[in-house]
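Numbering (this note's numbering), first residue to last: 109 to 204.
Think of the CB as a built atom: it goes at the ideal place given N, C-alpha and C, for glycine as much as any other residue.
A quick note: this is a predicted structure, and the numbers were derived from the prediction, not measured.
Report on the following structure.
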Amino acid sequence: MKGRVRKFNDELHDLVVPQVGWNQVKQRREHPLFAGVPDDSFCYFVHSFFCEPANDDTVIGETEYGQRYASVVAEGNICGRLENARELRGLMFDML
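As structure tokens, this is what we get:
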């Protein structure tokens, strides 16, 4: 999956970095990763960086933290998430 990894700009957006805490994930489109997970669910994040995929169609979930960023991406059989999997009700176990 092509793209870039960027650090949150704490000076520009007056953010605490790393982001540690609960935040919402807005689903951009349907995907098996979201099966049984309501849109705008809160997930727990601990991170200082976010991805900017080269192909915007790979972004399936977004989160707002000073700016909107891709928090869930999927392309083919590759998926990536920034949030803590425990809050997605065993979703990772269902995928395996």
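Quiz item: Starting from glutamate 172 and walking both ways along the beta strand (DSSP E), at which residues does that stretch end?
Solution: Translated into positions along the sequence shown, residue 172 becomes position 64. 167 to 172 is the span of the beta strand (DSSP E), which, as asked, contains glutamate 172.
Quiz item: When the Cα of threonine 171 is compared with those of Asn185, His139 and Cys159, which residue comes out closest?
Solution: Stepping through the sequence shown from its first residue, residue 171 is reached at position 63. Of the listed residues, the one whose Cα sits closest to threonine 171 is Cys159.
Exercise. Taking histidine 121 as part of the alpha helix (DSSP H), name the residues at either end of that continuous run.
Key: Residue numbering aside, residue 121 sits at position 13 when the sequence shown is read from its first letter. 118 to 121 is the extent of the alpha helix (DSSP H) around histidine 121.
Quiz item: How would you label glycine 184, buried or exposed, when you count the other beta carbons within 10 angstroms and need 16 or more for buried?
Solution: Position 76 of the sequence shown holds residue 184. Counting Cβ neighbours within 10 Å, glycine 184 comes out exposed, since fewer than 16 surround it.
Quiz item: Alpha carbon to alpha carbon, what distance is there between glycine 188 and histidine 155?
Solution: In the sequence shown, the residue the question calls residue 155 occupies position 47. In the sequence shown, the residue the question calls residue 188 occupies position 80. For histidine 155 and glycine 188, the distance between alpha carbons rounds to 14 angstroms.
Quiz item: Are the CB atoms of valine 125 and aspartate 118 nearer to each other than 8 angstroms?
Solution: In the sequence shown, the residue the question calls residue 125 occupies position 17. In the sequence shown, the residue the question calls residue 118 occupies position 10. Closer than 8 angstroms, so yes.
Exercise. Indicate the three-state DSSP secondary structure (helix, strand or coil) for proline 146 in the structure shown.
Key: Indexing the sequence shown from 1 puts residue 146 at position 38. In the structure shown, proline 146 sits in coil (DSSP, three-state: anything other than H, G, I, E or B).
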